[in-house]
Amino acid sequence: MEVPVIKGAIKTIAYYKLFCWVEYWKVGFENIIELFDDDYAFYIMDNLNILCAPKE
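Residues 242 to 297 (the working numbering) make up the sequence shown, in order.
Structure follows, in C-alpha cells:
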C-alpha cells in the first residue's frame with residue numbers, strides 16, 4: 242500500500258518537502274526511493290522503516 246499512497250501524495254510531498262516515515266520491508270527499499278526526487282535523503286531506521294527526509 243505504501244507505493245500507491247506515495248504516488249497519490251507526490252505533488253504535496255514535493256511542494257512542502259515533507260518528511261516521510263515509510264514501511265519498506267514489503268515493497269523494497271529501491272521501490273520507495275525511486276518515487277522521490279533527488280532532493281531527498283533516505284535513512285534505514287530499523288528492519289521495517291525508512292525515513293525519507295529533504296536534503297535542505
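For each residue, glycine too, the CB sits at the ideal point set by N, CA and C.
Counted within 10 angstroms of its Cβ, other Cβ atoms place I251 as buried (16 or more) or exposed: exposed
Distance, Cα to Cα, N288 vs E275? 19 Å
Measuring CB to CB, does V244 end up less than 8 Å from N272? yes
Three-way DSSP call (helix, strand, coil) for N290 in this model: strand
Cα-Cα, which of P295, L259, G249 and I285 is closest to G269? I285
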